[in-house]
Amino acid sequence: MAPGPGSSLNFRLRRTRTLAARQKGICPLCGQALIAGAEYEPDSPREWIDWFDAMKKRLHKHHFTYRRHGGSDESKNLRLVHSECHRQHHAGDSDRKCAEPVKPSGLLEP
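Take the sequence shown: its letter number 97 is residue 379 in our numbering, and every next letter is one higher.
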């Protein structure tokens, strides 16, 4: 049986929720909430979906090891970041192989 038309979207939403939960709703590049009010565990998966629907154009998936350097699209190689943080992070990074190391809390070292 072939996957339904919404299966790819459902997978992307699940992955986004998983990343957000792993990061506790925080952008690891700036340390601010990915979405206002998302600094806490959601009461339901529906809350994450609603927040992401409202903010989907403002959040990007960033690779720890870039795809051009052999990085995968697996969740363990991804993190959610604000689109503006992502743009600033990639400005002039043509020689960078990997993203900066991240503390266990998911935030960058000062």
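A virtual CB, placed ideally from N, CA and C, is assigned to each residue, including glycine.
Taking its Cβ as the centre, do 16 or more other Cβ atoms sit within 10 Å of residue i, making it buried, or is it exposed?
i: Arg361; result: buried
i: Pro327; result: exposed
i: Gln314; result: exposed
Going by C-alpha distance, which of the options is nearest residue i?
i: His344; options: Asn292, Leu291 and Thr298; result: Thr298
i: Gln305; options: Lys358, His372 and His371; result: Lys358
i: His342; options: Glu366, Ser354 and Arg349; result: Glu366
i: Cys309; options: Ser290, Glu329, Tyr348 and Arg340; result: Arg340
If residue i and residue j are in contact, beta carbons under 8 Å, what's the gap, nearest whole angstrom?
i: Ile331; j: Leu301; result: That belief does not hold up - the Cβ atoms of Ile331 and Leu301 are roughly 14 Å apart, past 8 Å.
i: His351; j: Leu311; result: The pair is not a contact, with the Cβ atoms about 19 Å apart (cut-off 8 Å).
Tell me the DSSP secondary structure of residue i in three-state form.
i: Arg340; result: coil
i: Ile331; result: helix
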